[in-house]
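Novice:
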Ligand SMILES: CC(C)(COP(=O)(O)OP(=O)(O)OC[C@H]1O[C@@H](n2cnc3c(N)ncnc32)[C@H](O)[C@@H]1OP(=O)(O)O)[C@@H](O)C(=O)NCCC(=O)NCCS
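Numbering (this note's numbering), first residue to last: 21 to 174.
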């Protein structure tokens, strides 16, 4: 993701989240936050989705991920999470974590499919409706191993 992508990313952010990040927030991430890593995914020359994380010591924390509504259900979200995991592992992370709304069944399915497991709740984490966040973690090395085992079984 570059500064030129921010306008489009914010449109996707606005359709995806009830309390979207602002352009300034993304600009700050790209220019001032040395822990931040952000990527976009292009389809037919269009930004179809984006994802970001903070990498602190050996832990990666997913900050946000979204796919444009008309591109959903085509495995692009899955591709983005796989890319984040690979990038985090490449940069030295051994574990990855995220928060997800308890009601966000689609995202929870995606994360579970890619090896994330729920380890707890942050009660009332989301300020718009007071919803709880599920905290999920994946061990990057072990996740890759178990995915390879699943692929061998299939
Ligand atoms: C969550 C999100 C990124 C998923 O992206 P996507 O490209 O639509 O998802 P994919 O096509 O890659 O699907 C991957 C997996 O997600 C789950 N999933 C996707 N769509 C689903 C649906 N309609 N119902 C249930 N599970 C679904 C499935 O596990 C799926 O794997 P499968 O097809 O093998 O069953 C997308 O829905 C989105 O942008 N949502 C709004 C923003 C958001 O909630 N972000 C997450 C914040 S924590």
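We treat Cβ as the ideally placed atom computed from N, Cα and C, and that holds for glycine.
These numbers come from a predicted model, not from an experiment.
What does a CB cutoff of less than 8 Å around residue 96 pick up in its chain, not counting 5 residues either side in sequence?
Specialist: Taking the first residue of the chain shown as 1, we reach residue 96 at position 76. Excluding residues within five positions, the ones whose Cβ falls inside 8 Å are 61, 63, 68, 69, 87.
Novice: Leaving out the 5 sequence neighbours to the left and right, which residues in its chain are closer than 6 Å to residue 156 when beta-carbon positions are compared?
Specialist: Locating residue 156 in the chain shown gives position 136, where the first residue counts as 1. Excluding residues within five positions, the ones whose Cβ falls inside 6 Å are 118, 131, 136, 138.
Novice: Given this structure, state the Cα-to-Cα distance separating residue 94 from residue 133, to the nearest angstrom.
Specialist: By one-based count along the chain shown, residue 94 stands at place 74. By one-based count along the chain shown, residue 133 stands at place 113. About 15 Å.
Novice: Could you say which of 34, 99, 81 lies nearest to residue 89 if we only look at CA atoms?
Specialist: Counted from its first residue, the chain shown places residue 89 at position 69. Comparing Cα positions, the closest option is 34.
Novice: Check whether the Cβ atoms of residue 23 and residue 55 sit closer than 8 Å, and answer yes or no.
Specialist: Along the chain shown, read from residue 1 onward, the residue named residue 23 stands at position 3. Along the chain shown, read from residue 1 onward, the residue named residue 55 stands at position 35. Not in contact: residue 23 and residue 55 (Cβ atoms no closer than 8 Å).
Novice: Flag residue 190 as yes when its Cβ comes closer than 7 Å to any non-hydrogen atom of ligand 1, and as no otherwise.
Specialist: Because the chain here runs from 21 to 174, residue 190 falls outside it and cannot be looked at.
Novice: DSSP puts residue 115 in a beta bridge; with which residues?
Specialist: One-based indexing of the chain shown puts residue 115 at position 95. 79, 159.
Novice: Please tell me whether, using a cut-off of 7 Å, the distance from the CB of residue 139 to the nearest non-hydrogen atom of ligand 1 is below it.
Specialist: For the purposes of this step, residue 139 is taken as residue 119 along the chain shown, with counting starting at 1. Checking the Cβ of residue 139 against ligand 1 gives no.
Novice: Given this structure, state the Cα-to-Cα distance separating residue 50 from residue 154, to the nearest angstrom.
Specialist: For the purposes of this step, residue 50 is identified with residue 30 of the chain shown, where counting begins at 1. For the purposes of this step, residue 154 is identified with residue 134 of the chain shown, where counting begins at 1. Looking at the two C-alpha atoms, the distance is approximately 27 Å.
Novice: Between the alpha carbons of residue 113 and residue 57, how many angstroms are there, rounded?
Specialist: Against the chain shown, residue 113 aligns to sequence position 93. Against the chain shown, residue 57 aligns to sequence position 37. If I take the Cα positions, the gap works out to 13 Å.
Novice: Please tell me whether residue 151 and residue 121 are closer than 8 Å, where the distance is taken between their beta carbons.
Specialist: If you number the chain shown from 1, residue 151 lands on position 131. If you number the chain shown from 1, residue 121 lands on position 101. It is a contact, given that the beta carbons lie within the stated cut-off.
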